[in-house]
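Going by this note's numbering, the first residue of the sequence shown is number 75, and it counts up by one from there.
A quick write-up on the structure given underneath.
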Amino acid sequence: MVGRRGGSAVLSATVLLLVAGCSSGGGGASTGEGASASATSAAPSTAAGTSASVPPAKGSVTVLRTLTTGLKTPWGVAVLPGGDLLVASRDDGTITRVDATTGKKAELGSVSGVSAAGEGGLLGLALSPDYASDHMVYAYFTSASDNRIVRMRYDEKKPAGERLGAPDTIFKGIPKGYIHNGGRIAFGPDGMLYAGTGESGQRGLAQDKKSLGGKILRMTPEGEPAPGNPFHDSPVYTYGHRNVQGLAWDDKQRLFASEFGQDTWDELNAIKPGGNYGWPDAEGLSKDPAYQNPIAEWHTDDASPSGIAYVDGVIWMAALKGQRLWRIPLDGTKASAAPQAFLTGKYGRLRTVVAAGDGKVWLTTSNTDGRGDPKPGDDRILELKVS
75 MVGRRGGSAV
85 LSATVLLLVA
95 GCSSGGGGAS
105 TGEGASASAT
115 SAAPSTAAGT
125 SASVPPAKGS
135 VTVLRTLTTG
145 LKTPWGVAVL
155 PGGDLLVASR
165 DDGTITRVDA
175 TTGKKAELGS
185 VSGVSAAGEG
195 GLLGLALSPD
205 YASDHMVYAY
215 FTSASDNRIV
225 RMRYDEKKPA
235 GERLGAPDTI
245 FKGIPKGYIH
255 NGGRIAFGPD
265 GMLYAGTGES
275 GQRGLAQDKK
285 SLGGKILRMT
295 PEGEPAPGNP
305 FHDSPVYTYG
315 HRNVQGLAWD
325 DKQRLFASEF
335 GQDTWDELNA
345 IKPGGNYGWP
355 DAEGLSKDPA
365 YQNPIAEWHT
375 DDASPSGIAY
385 VDGVIWMAAL
395 KGQRLWRIPL
405 DGTKASAAPQ
415 AFLTGKYGRL
425 RTVVAAGDGK
435 VWLTTSNTDG
445 RGDPKPGDDR
455 ILELKVS
(Lines of atoms letter the chains of each structure in order from A; the text may use other names.)
(Lines give C-alpha, C1' and ligand atoms only; values in the text may rest on other atoms or scores of the structure.)
Protein backbone atom coordinates (compact mmCIF):
# COMPACT_ATOMS: atom_id res chain seq x y z
CA MET A 75 0.00 0.00 0.00
CA VAL A 76 1.19 3.52 -0.81
CA GLY A 77 0.62 5.78 2.21
CA ARG A 78 -0.92 9.08 1.10
CA ARG A 79 0.98 11.21 3.54
CA GLY A 80 3.36 14.14 3.18
CA GLY A 81 3.72 17.46 1.37
CA SER A 82 4.66 20.90 2.68
CA ALA A 83 1.11 22.21 2.42
CA VAL A 84 -0.22 19.86 5.07
CA LEU A 85 -2.12 21.51 7.90
CA SER A 86 -2.05 19.11 10.83
CA ALA A 87 -3.12 18.90 14.44
CA THR A 88 -2.82 16.05 16.91
CA VAL A 89 -6.11 15.40 18.65
CA LEU A 90 -6.16 14.28 22.29
CA LEU A 91 -8.09 11.02 22.63
CA LEU A 92 -10.60 11.52 25.42
CA VAL A 93 -12.03 8.02 25.08
CA ALA A 94 -10.58 5.12 23.10
CA GLY A 95 -12.56 4.04 20.03
CA CYS A 96 -14.72 0.95 20.22
CA SER A 97 -13.38 -2.34 18.88
CA SER A 98 -14.76 -3.43 15.53
CA GLY A 99 -15.93 -6.84 16.61
CA GLY A 100 -12.76 -8.74 15.77
CA GLY A 101 -10.41 -6.73 17.98
CA GLY A 102 -7.92 -4.91 15.74
CA ALA A 103 -9.71 -5.78 12.51
CA SER A 104 -8.33 -4.06 9.42
CA THR A 105 -11.56 -4.36 7.46
CA GLY A 106 -15.09 -3.14 8.01
CA GLU A 107 -16.18 -0.04 9.94
CA GLY A 108 -13.24 0.18 12.32
CA ALA A 109 -9.43 -0.02 12.46
CA SER A 110 -6.60 1.70 14.37
CA ALA A 111 -4.45 4.84 15.10
CA SER A 112 -4.54 8.31 16.78
CA ALA A 113 -3.92 11.66 14.99
CA THR A 114 -5.81 14.00 12.70
CA SER A 115 -4.76 16.27 9.85
CA ALA A 116 -6.23 18.48 7.18
CA ALA A 117 -4.73 19.38 3.81
CA PRO A 118 -5.61 21.36 0.70
CA SER A 119 -7.82 19.57 -1.80
CA THR A 120 -6.78 19.13 -5.40
CA ALA A 121 -10.15 20.64 -6.34
CA ALA A 122 -10.10 24.41 -6.78
CA GLY A 123 -12.30 27.02 -5.18
CA THR A 124 -12.50 29.27 -2.14
CA SER A 125 -15.45 30.86 -0.40
CA ALA A 126 -15.94 34.51 0.41
CA SER A 127 -16.87 33.76 4.02
CA VAL A 128 -14.78 31.30 6.04
CA PRO A 129 -16.26 29.99 9.31
CA PRO A 130 -14.32 30.34 12.58
CA ALA A 131 -11.58 27.79 13.19
CA LYS A 132 -13.34 26.65 16.38
CA GLY A 133 -17.03 25.94 16.82
CA SER A 134 -19.50 24.58 19.33
CA VAL A 135 -22.07 21.83 19.80
CA THR A 136 -25.04 21.96 22.19
CA VAL A 137 -27.21 18.91 22.75
CA LEU A 138 -30.74 20.31 22.78
CA ARG A 139 -32.57 17.05 23.47
CA THR A 140 -32.87 13.35 22.81
CA LEU A 141 -35.71 13.10 20.31
CA THR A 142 -36.29 9.36 20.63
CA THR A 143 -34.66 6.15 21.83
CA GLY A 144 -35.13 2.42 21.34
CA LEU A 145 -34.24 2.30 17.65
CA LYS A 146 -32.65 -0.86 16.25
CA THR A 147 -29.66 -0.56 13.90
CA PRO A 148 -30.72 2.86 12.54
CA TRP A 149 -28.90 3.74 9.32
CA GLY A 150 -30.45 6.01 6.69
CA VAL A 151 -32.47 9.10 7.63
CA ALA A 152 -34.67 11.25 5.39
CA VAL A 153 -36.43 14.44 6.51
CA LEU A 154 -40.05 14.73 5.40
CA PRO A 155 -41.74 18.03 4.50
CA GLY A 156 -42.82 19.40 7.86
CA GLY A 157 -39.76 18.02 9.62
CA ASP A 158 -40.62 14.45 10.66
CA LEU A 159 -37.95 11.82 10.04
CA LEU A 160 -37.94 8.52 8.19
CA VAL A 161 -35.39 6.12 9.68
CA ALA A 162 -34.19 2.85 8.14
CA SER A 163 -33.43 -0.17 10.32
CA ARG A 164 -30.46 -1.92 8.70
CA ASP A 165 -31.11 -5.36 10.18
CA ASP A 166 -34.93 -5.39 10.39
CA GLY A 167 -35.41 -3.94 6.90
CA THR A 168 -38.12 -1.60 8.19
CA ILE A 169 -38.73 2.14 7.88
CA THR A 170 -40.02 4.06 10.90
CA ARG A 171 -41.47 7.56 10.99
CA VAL A 172 -40.36 9.65 13.96
CA ASP A 173 -42.38 12.72 14.96
CA ALA A 174 -39.91 15.62 15.10
CA THR A 175 -41.81 17.26 17.97
CA THR A 176 -42.78 14.39 20.25
CA GLY A 177 -40.33 11.65 19.19
CA LYS A 178 -43.22 9.21 18.77
CA LYS A 179 -42.34 6.31 16.47
CA ALA A 180 -44.61 4.65 13.91
CA GLU A 181 -43.38 1.78 11.74
CA LEU A 182 -44.39 2.27 8.12
CA GLY A 183 -43.60 -1.26 6.98
CA SER A 184 -40.88 -3.59 5.77
CA VAL A 185 -38.95 -3.23 2.53
CA SER A 186 -39.24 -6.55 0.73
CA GLY A 187 -36.07 -8.12 -0.63
CA VAL A 188 -33.68 -6.92 2.11
CA SER A 189 -31.09 -9.55 3.04
CA ALA A 190 -29.24 -8.22 6.10
CA ALA A 191 -25.85 -9.64 7.08
CA GLY A 192 -22.70 -8.01 8.39
CA GLU A 193 -22.62 -4.42 7.18
CA GLY A 194 -25.38 -5.08 4.64
CA GLY A 195 -29.11 -4.56 4.95
CA LEU A 196 -31.45 -1.60 4.58
CA LEU A 197 -29.06 1.35 4.36
CA GLY A 198 -29.55 4.81 2.84
CA LEU A 199 -32.83 6.68 2.35
CA ALA A 200 -33.66 9.69 0.18
CA LEU A 201 -36.82 11.51 -0.85
CA SER A 202 -37.67 12.15 -4.49
CA PRO A 203 -37.01 15.74 -5.63
CA ASP A 204 -40.71 15.69 -6.57
CA TYR A 205 -41.83 14.17 -3.29
CA ALA A 206 -44.64 16.71 -2.87
CA SER A 207 -46.36 15.23 -5.90
CA ASP A 208 -45.05 11.66 -6.26
CA HIS A 209 -44.48 10.69 -2.56
CA MET A 210 -41.56 8.47 -3.56
CA VAL A 211 -39.02 7.26 -1.00
CA TYR A 212 -35.74 5.85 -2.36
CA ALA A 213 -33.77 3.19 -0.49
CA TYR A 214 -30.39 1.49 -0.96
CA PHE A 215 -30.30 -2.05 0.34
CA THR A 216 -28.49 -5.37 0.24
CA SER A 217 -30.44 -8.15 -1.44
CA ALA A 218 -29.61 -11.86 -1.67
CA SER A 219 -27.52 -11.19 -4.78
CA ASP A 220 -26.36 -7.55 -4.82
CA ASN A 221 -26.79 -4.03 -3.49
CA ARG A 222 -29.55 -2.12 -5.25
CA ILE A 223 -31.66 1.02 -5.19
CA VAL A 224 -35.44 0.94 -5.12
CA ARG A 225 -38.22 3.47 -4.79
CA MET A 226 -41.53 3.09 -2.99
CA ARG A 227 -44.65 5.22 -2.75
CA TYR A 228 -45.42 6.35 0.79
CA ASP A 229 -49.17 6.66 1.36
CA GLU A 230 -49.91 8.21 4.74
CA LYS A 231 -53.63 7.41 4.39
CA LYS A 232 -53.15 3.64 4.54
CA PRO A 233 -53.20 1.64 7.80
CA ALA A 234 -50.04 1.55 9.91
CA GLY A 235 -47.65 -1.10 8.63
CA GLU A 236 -49.03 -0.86 5.09
CA ARG A 237 -48.02 2.65 4.10
CA LEU A 238 -45.06 1.67 1.94
CA GLY A 239 -45.81 0.49 -1.58
CA ALA A 240 -44.00 -2.39 -3.27
CA PRO A 241 -40.38 -1.49 -4.08
CA ASP A 242 -39.63 -0.70 -7.71
CA THR A 243 -35.98 -1.52 -8.49
CA ILE A 244 -34.40 1.33 -10.45
CA PHE A 245 -30.76 0.23 -10.18
CA LYS A 246 -29.09 -3.08 -9.36
CA GLY A 247 -25.82 -4.96 -9.69
CA ILE A 248 -23.74 -3.11 -7.10
CA PRO A 249 -21.37 -5.71 -5.59
CA LYS A 250 -22.35 -6.90 -2.10
CA GLY A 251 -20.23 -8.32 0.68
CA TYR A 252 -20.21 -8.97 4.39
CA ILE A 253 -18.28 -5.69 4.60
CA HIS A 254 -17.96 -2.52 2.52
CA ASN A 255 -21.44 -2.14 1.05
CA GLY A 256 -21.39 1.67 0.99
CA GLY A 257 -25.05 2.63 1.09
CA ARG A 258 -25.50 6.39 1.32
CA ILE A 259 -27.81 7.91 -1.30
CA ALA A 260 -28.79 11.55 -1.82
CA PHE A 261 -30.32 13.73 -4.49
CA GLY A 262 -27.98 16.53 -5.51
CA PRO A 263 -28.81 20.15 -6.35
CA ASP A 264 -28.91 19.03 -10.00
CA GLY A 265 -31.83 16.67 -9.30
CA MET A 266 -29.68 13.60 -9.95
CA LEU A 267 -29.37 10.66 -7.54
CA TYR A 268 -25.90 10.00 -6.09
CA ALA A 269 -24.88 6.75 -4.38
CA GLY A 270 -21.75 5.89 -2.41
CA THR A 271 -20.71 2.26 -2.86
CA GLY A 272 -18.08 0.00 -1.30
CA GLU A 273 -15.73 -2.47 -2.96
CA SER A 274 -17.31 -5.32 -0.92
CA GLY A 275 -13.86 -6.39 0.30
CA GLN A 276 -12.64 -6.99 -3.28
CA ARG A 277 -10.03 -4.25 -3.53
CA GLY A 278 -9.50 -4.45 -7.28
CA LEU A 279 -13.07 -3.37 -8.01
CA ALA A 280 -12.34 0.17 -6.85
CA GLN A 281 -9.97 0.86 -9.77
CA ASP A 282 -12.13 -0.98 -12.34
CA LYS A 283 -14.29 1.67 -14.00
CA LYS A 284 -16.55 -1.06 -15.39
CA SER A 285 -17.42 -2.20 -11.86
CA LEU A 286 -19.99 -0.43 -9.67
CA GLY A 287 -18.03 -1.22 -6.49
CA GLY A 288 -15.84 1.38 -4.77
CA LYS A 289 -17.48 4.29 -6.57
CA ILE A 290 -19.67 7.32 -6.31
CA LEU A 291 -22.48 6.81 -8.83
CA ARG A 292 -24.63 9.52 -10.43
CA MET A 293 -27.91 8.63 -12.11
CA THR A 294 -31.30 10.00 -13.06
CA PRO A 295 -34.26 9.41 -10.71
CA GLU A 296 -35.14 6.48 -13.01
CA GLY A 297 -31.72 4.88 -12.54
CA GLU A 298 -30.14 5.74 -15.89
CA PRO A 299 -26.62 7.18 -16.22
CA ALA A 300 -26.96 10.91 -15.62
CA PRO A 301 -26.32 13.36 -18.48
CA GLY A 302 -22.83 14.82 -18.31
CA ASN A 303 -21.24 11.95 -16.43
CA PRO A 304 -17.46 11.73 -17.00
CA PHE A 305 -17.47 8.23 -18.54
CA HIS A 306 -19.68 7.66 -21.56
CA ASP A 307 -22.95 5.87 -20.84
CA SER A 308 -21.83 4.96 -17.33
CA PRO A 309 -23.26 5.86 -13.90
CA VAL A 310 -19.70 6.04 -12.50
CA TYR A 311 -18.93 9.56 -11.29
CA THR A 312 -15.72 8.91 -9.33
CA TYR A 313 -13.69 5.79 -8.56
CA GLY A 314 -10.88 4.48 -6.40
CA HIS A 315 -12.97 4.45 -3.21
CA ARG A 316 -12.89 1.88 -0.43
CA ASN A 317 -16.25 2.46 1.27
CA VAL A 318 -18.21 5.70 0.87
CA GLN A 319 -20.94 6.30 3.46
CA GLY A 320 -21.26 10.09 3.55
CA LEU A 321 -22.42 12.57 0.86
CA ALA A 322 -23.16 16.30 1.25
CA TRP A 323 -23.17 19.47 -0.86
CA ASP A 324 -22.16 22.96 0.19
CA ASP A 325 -24.06 26.13 -0.70
CA LYS A 326 -22.10 26.38 -3.97
CA GLN A 327 -23.31 22.92 -5.08
CA ARG A 328 -19.91 21.29 -4.47
CA LEU A 329 -19.97 17.66 -3.37
CA PHE A 330 -18.04 16.21 -0.41
CA ALA A 331 -17.78 12.55 0.63
CA SER A 332 -16.49 10.64 3.66
CA GLU A 333 -14.65 7.36 3.24
CA PHE A 334 -13.40 4.54 5.46
CA GLY A 335 -9.70 3.78 5.34
CA GLN A 336 -8.19 0.45 6.32
CA ASP A 337 -5.51 0.58 9.03
CA THR A 338 -4.23 4.09 8.63
CA TRP A 339 -6.26 6.99 7.19
CA ASP A 340 -9.95 7.76 6.95
CA GLU A 341 -10.80 10.57 4.54
CA LEU A 342 -13.01 13.53 3.77
CA ASN A 343 -12.85 14.25 0.05
CA ALA A 344 -13.90 17.10 -2.21
CA ILE A 345 -15.41 15.31 -5.19
CA LYS A 346 -14.19 16.02 -8.72
CA PRO A 347 -16.09 14.35 -11.60
CA GLY A 348 -14.02 11.52 -13.05
CA GLY A 349 -11.53 11.69 -10.18
CA ASN A 350 -9.53 8.69 -8.99
CA TYR A 351 -9.36 8.63 -5.17
CA GLY A 352 -6.58 6.09 -4.99
CA TRP A 353 -7.81 2.93 -3.25
CA PRO A 354 -6.29 0.35 -3.00
CA ASP A 355 -3.00 1.83 -4.16
CA ALA A 356 -3.20 4.81 -1.82
CA GLU A 357 -4.79 5.57 1.55
CA GLY A 358 -4.76 9.14 2.82
CA LEU A 359 -2.54 11.84 1.31
CA SER A 360 -0.37 10.90 -1.67
CA LYS A 361 2.34 12.51 -3.74
CA ASP A 362 1.08 10.68 -6.82
CA PRO A 363 -0.68 13.24 -9.07
CA ALA A 364 -2.89 10.50 -10.50
CA TYR A 365 -4.94 10.52 -7.28
CA GLN A 366 -7.20 13.12 -5.73
CA ASN A 367 -6.00 13.94 -2.23
CA PRO A 368 -8.40 14.16 0.72
CA ILE A 369 -9.01 17.56 2.28
CA ALA A 370 -8.80 16.00 5.75
CA GLU A 371 -7.70 12.64 7.12
CA TRP A 372 -7.95 10.81 10.42
CA HIS A 373 -6.37 7.79 12.02
CA THR A 374 -9.09 5.19 11.96
CA ASP A 375 -9.45 4.86 15.76
CA ASP A 376 -10.50 8.51 15.74
CA ALA A 377 -13.08 8.32 12.99
CA SER A 378 -14.33 5.41 10.84
CA PRO A 379 -16.71 7.94 9.29
CA SER A 380 -20.25 7.37 8.09
CA GLY A 381 -22.71 10.22 7.46
CA ILE A 382 -21.85 13.87 6.85
CA ALA A 383 -23.87 17.10 6.70
CA TYR A 384 -23.09 20.65 5.60
CA VAL A 385 -24.17 23.57 7.79
CA ASP A 386 -23.02 27.19 7.37
CA GLY A 387 -19.58 26.55 5.91
CA VAL A 388 -18.84 23.47 7.99
CA ILE A 389 -18.92 19.73 7.31
CA TRP A 390 -20.13 17.70 10.29
CA MET A 391 -19.01 14.06 10.20
CA ALA A 392 -20.32 11.20 12.33
CA ALA A 393 -17.66 8.74 13.51
CA LEU A 394 -18.38 5.12 14.39
CA LYS A 395 -15.27 3.65 15.97
CA GLY A 396 -14.13 7.15 16.93
CA GLN A 397 -17.41 7.72 18.81
CA ARG A 398 -17.39 11.46 18.16
CA LEU A 399 -18.76 14.17 15.91
CA TRP A 400 -16.15 15.95 13.82
CA ARG A 401 -16.34 19.59 12.72
CA ILE A 402 -14.41 20.46 9.54
CA PRO A 403 -14.57 24.18 8.60
CA LEU A 404 -14.23 24.87 4.89
CA ASP A 405 -12.64 27.51 2.71
CA GLY A 406 -14.14 26.53 -0.62
CA THR A 407 -13.00 22.96 -1.24
CA LYS A 408 -10.23 23.07 1.35
CA ALA A 409 -10.28 22.55 5.09
CA SER A 410 -9.62 25.97 6.60
CA ALA A 411 -8.55 24.67 10.03
CA ALA A 412 -7.80 21.43 11.80
CA PRO A 413 -10.88 19.26 12.47
CA GLN A 414 -12.42 19.60 15.92
CA ALA A 415 -14.03 16.73 17.87
CA PHE A 416 -17.22 16.87 19.95
CA LEU A 417 -19.24 14.41 22.07
CA THR A 418 -16.24 12.08 22.33
CA GLY A 419 -17.37 8.79 23.84
CA LYS A 420 -20.57 10.30 25.26
CA TYR A 421 -23.11 8.52 23.05
CA GLY A 422 -21.07 5.68 21.58
CA ARG A 423 -20.91 5.03 17.84
CA LEU A 424 -22.35 7.77 15.63
CA ARG A 425 -23.82 6.86 12.23
CA THR A 426 -25.82 9.57 10.48
CA VAL A 427 -25.91 13.37 10.72
CA VAL A 428 -28.55 15.36 8.83
CA ALA A 429 -29.03 19.12 8.54
CA ALA A 430 -32.22 20.23 10.29
CA GLY A 431 -32.24 23.97 9.47
CA ASP A 432 -31.62 26.98 11.74
CA GLY A 433 -28.11 25.81 12.59
CA LYS A 434 -29.30 22.45 13.88
CA VAL A 435 -28.62 18.82 12.96
CA TRP A 436 -30.12 15.44 13.72
CA LEU A 437 -27.59 12.83 14.85
CA THR A 438 -28.18 9.08 15.16
CA THR A 439 -26.20 6.57 17.18
CA SER A 440 -25.22 3.07 16.03
CA ASN A 441 -24.63 0.99 19.14
CA THR A 442 -26.87 -1.93 18.14
CA ASP A 443 -24.98 -2.69 14.93
CA GLY A 444 -22.98 -5.58 16.42
CA ARG A 445 -19.88 -3.50 17.08
CA GLY A 446 -21.12 -1.14 19.74
CA ASP A 447 -21.92 -1.56 23.41
CA PRO A 448 -25.69 -1.13 23.50
CA LYS A 449 -27.38 -0.02 26.69
CA PRO A 450 -31.10 -0.01 27.53
CA GLY A 451 -32.88 2.44 25.27
CA ASP A 452 -30.24 2.57 22.54
CA ASP A 453 -30.17 3.59 19.75
CA ARG A 454 -31.27 7.22 19.73
CA ILE A 455 -31.70 10.40 17.71
CA LEU A 456 -30.25 13.62 19.14
CA GLU A 457 -31.07 17.20 18.16
CA LEU A 458 -27.98 19.43 18.24
CA LYS A 459 -27.31 23.13 17.82
CA VAL A 460 -24.03 23.53 15.94
CA SER A 461 -21.81 26.41 14.90
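Glycine included, C-beta positions come from ideal geometry on N, C-alpha and C.
Is DSSP giving residue i helix, strand or coil here?
i: Q276; result: coil
i: S380; result: strand
i: Y212; result: strand
i: A190; result: coil
i: Q281; result: helix
i: Y252; result: coil
i: Y313; result: strand
i: S219; result: coil
i: A409; result: strand
i: P304; result: coil
i: Y205; result: helix
i: Q336; result: coil
i: P354; result: coil
i: R328; result: coil
i: E457; result: strand
i: Q397; result: coil
i: G247; result: strand
i: Q319; result: strand
i: A234; result: coil
i: V224; result: strand
i: G345; result: The residue asked about is misnamed: residue 345 is Ile in this sequence, not Gly. In this structure, I345 counts as coil in the three-state DSSP scheme.
i: I369; result: coil
i: R171; result: strand
i: S440; result: coil
i: L196; result: strand
i: T294; result: coil
i: L182; result: strand
i: G451; result: coil
i: M462; result: Only positions 75 to 461 of the chain appear in the structure, and residue 462 is not among them; the question remains open.
i: G446; result: coil
i: G433; result: coil
Residue j and residue i - do their beta-carbons sit closer together than 7 Å?
i: S378; j: K395; result: yes
i: G257; j: G198; result: yes
i: K179; j: D166; result: no
i: V188; j: L182; result: no
i: V153; j: V161; result: no
i: R171; j: W149; result: no
i: A370; j: V427; result: no
i: I455; j: T142; result: yes
i: A300; j: R292; result: yes
i: R445; j: L417; result: no
i: A411; j: A234; result: no
i: V185; j: L458; result: no
i: L321; j: G270; result: yes
i: V460; j: P129; result: no
i: I259; j: G297; result: no
i: P368; j: L404; result: no
i: G335; j: T374; result: yes
For residue i, which option in the options has the closest C-alpha, if you only look at C-alpha atoms?
i: M210; options: A409, F261, Y384; result: F261
i: F330; options: T407, K250, S134, G287; result: T407
i: I253; options: G194, M391, V161, E341; result: G194
i: G251; options: E273, T170, W372; result: E273
i: Y214; options: E230, D229, I248; result: I248
i: E420; options: L404, D307, D453; result: The sequence shown places Lys at residue 420, not Glu. Minimum Cα distance to K420 is reached at D453.
i: A430; options: E341, I290, L159; result: L159
i: P155; options: I345, T136, L201; result: L201
i: A415; options: K449, P450, W372, V318; result: W372
i: G192; options: E298, P448, T442; result: T442
i: K289; options: N303, L359, G275, V310; result: V310
i: P203; options: P295, T216, T374; result: P295
i: L138; options: F305, G433, Q276, D242; result: G433
i: N303; options: L267, G335, G278; result: L267
i: A344; options: T338, N255, V318; result: V318
i: S217; options: P241, R237, K231, W390; result: P241
i: L424; options: W390, A409, S207; result: W390
i: G133; options: R237, P413, Y205; result: P413
i: S207; options: Y228, S219, D220; result: Y228
i: D220; options: L359, K246, K283; result: K246
Report task. Would you check if the region 170-180 and the region 211-224 touch, i.e. whether three or more CB-CB distances between them fall below 8 Å? Result -> Counting Cβ pairs under 8 Å, fewer than three are found: no touch.
**Report entry** Three CB pairs or more closer than 8 Å across the region 383-395 and the region 432-444
**Finding:** Three or more pairs of CB atoms, one per stretch, sit closer than 8 Å, so the region 383-395 contacts the region 432-444.
Query raised in the report: For the 8 Å Cβ check, are there 3 or more pairs between the region 357-364 and the region 321-333?
Result: Contact between the region 357-364 and the region 321-333 is absent: fewer than 3 CB-CB pairs across the two stretches fall below 8 Å.
Query - Cβ contact check for the region 308-319 and the region 343-350: 3 or more pairs under 8 Å - result: yes
Query - Uninterrupted alpha helix (DSSP H) stretches inside the region 127-169 (no shorter than 4 residues) - result: For the region 127-169, not a single whole alpha helix (DSSP H) run of length 4 or above is found.
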